Structure formats: structure tokens, C-alpha cells
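Using the numbering used here, you'd call the opening residue of the sequence shown number 13 and step up by one each time. As C-alpha cells, the structure follows; a few thoughts come after it.
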Amino acid sequence: MADTSVKIDDTTRDRLKALADEAGLSMKDYLAQVAEEKEHEKLLDTATAAFRRVIEPGILDQFDADFGGLPSIDHQISQAA
13 MADTSVKIDD
23 TTRDRLKALA
33 DEAGLSMKDY
43 LAQVAEEKEH
53 EKLLDTATAA
63 FRRVIEPGIL
73 DQFDADFGGL
83 PSIDHQISQA
93 A
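Shown next as C-alpha cells:
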């Protein structure tokens, strides 16, 4: 896979570099890890939304009361036909 460049401001670059260094990764490997984690979060959000659609009424309210609820969803999901 070919490498490419992305233009970002110096402050963002420095923040990402510090995070990569802290993780013991190159910037390239750190950004790949972040992209993978964000994809995983999106899949979990989609699963959470599906769970909320199919759970019996009342059970979700009790779950929220006992455990503080499921995370909110920040992106659109599509529903299978």
C-alpha cells in the first residue's frame, strides 16, 4: 500500500506525535490504530442501536436505571430490509 501525506496544522501534528510516542508507535502505525478503533466504535454504536430497537419495553428502562444506560449514537445507521 502506498503512503500519502495529509496536511494538518502543527499543533495537531504535535498532539498526534505525542500520543504516538506515548503508545510506542510510529505516527503511521498510531493513525492506523486510531482508524481501526473508530471503525470498531461505529460498529458497536450500530449494534447498540439494533439492541435498543428490539429490546422489550421496560427492560431498557431498568437497564438504564441500573447501569447508566447505553452510549448515545453520533452517526446515522441503515436498517437492513
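Positions of the beta carbon are idealized from the N, C-alpha and C atoms, including for glycine. No experiment lies behind these values; they were computed from the predicted model shown.
Only counting the same chain, and skipping five residues up and downstream in sequence, which positions put a Cβ closer than 8 Å to that of residue i?
i	result
L31	Y42
So residue i is in the alpha helix (DSSP H); what residue range does that whole segment cover?
i	result
D57	M39 to V66
D29	First, the residue type needs correcting, since residue 29 is Lys and not Asp in the sequence shown. Its alpha helix (DSSP H) spans residues D22 to A35.
R77	The sequence as given places Ala at residue 77; Arg does not occur at that position. From DSSP, the alpha helix (DSSP H) with A77 extends over I71 to F79.
Between residue i and residue j, how many whole angstroms is the CB-CB distance? I'm expecting something under 8 Å.
i	j	result
R64	L55	The Cβ separation is near 15 Å, so there is no contact.
Looking at C-alpha atoms only, which residue of the options is the closest neighbour of residue i?
i	options	result
V18	K40, T60, I67 and F79	K40
M13	A44, V66, T60 and I67	A44
Hey, does residue i have any beta-carbon neighbour from chain C nearer than 8 Å?
i	result
F75	Included in the structure is just one protein chain, with no chain C present.
Under 6 Å Cβ to Cβ from residue i, same chain only, skipping five residues before and after it: list those, please.
i	result
A62	none
E68	none
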